[in-house]
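Under our numbering, residues 53 to 125 are what the sequence shown spells out, in order. Just so you know, even glycine gets a beta-carbon here, dropped at the ideal spot from N, CA and C. Have a look at the structure below, then the notes.
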Amino acid sequence: MSNYFAHTVTDTASRVLAANNIYRDVFMQIVGNETVYLGDDDLVTDSNGLPMVKHSAPIHKVLAPGQELWAVV
């Protein structure tokens, strides 16, 4: 089953996906013009996060049980 949703990311780290008890395949793509940095917790920044830019191919990430996804611009 697929779930699609949009999440607004600002300069304050925000949780995109909460922890769950199963493995999850996540595909992400940027719609806005900012670079978005992805991480595993609320400490994600532009210096330690995985960068995503607009017009890049969707990023595939597997979230392990108990893992969260956070983002910041």
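| Query | Result |
| --- | --- |
| Cα-Cα separation, Val105 to Leu90 | 11 Å |
| Pick from Ile111, Met80, Asn73 and Asn100 that is closest to Ala65, judged by C-alpha positions | Asn100 |
| Exposure label - Ala123; buried when at least 16 CB within 10 Å | buried |
| Backbone secondary structure at Leu95 - three-state DSSP | coil |
| As assigned by DSSP and simplified to three states, the class of Ala70 | coil |
| Those residues which DSSP pairs with Val77 across a bridge | Checking the displayed sequence, the identity of residue 77 turns out to be Asp instead of Val. BP columns for Asp77 point to Val114. |
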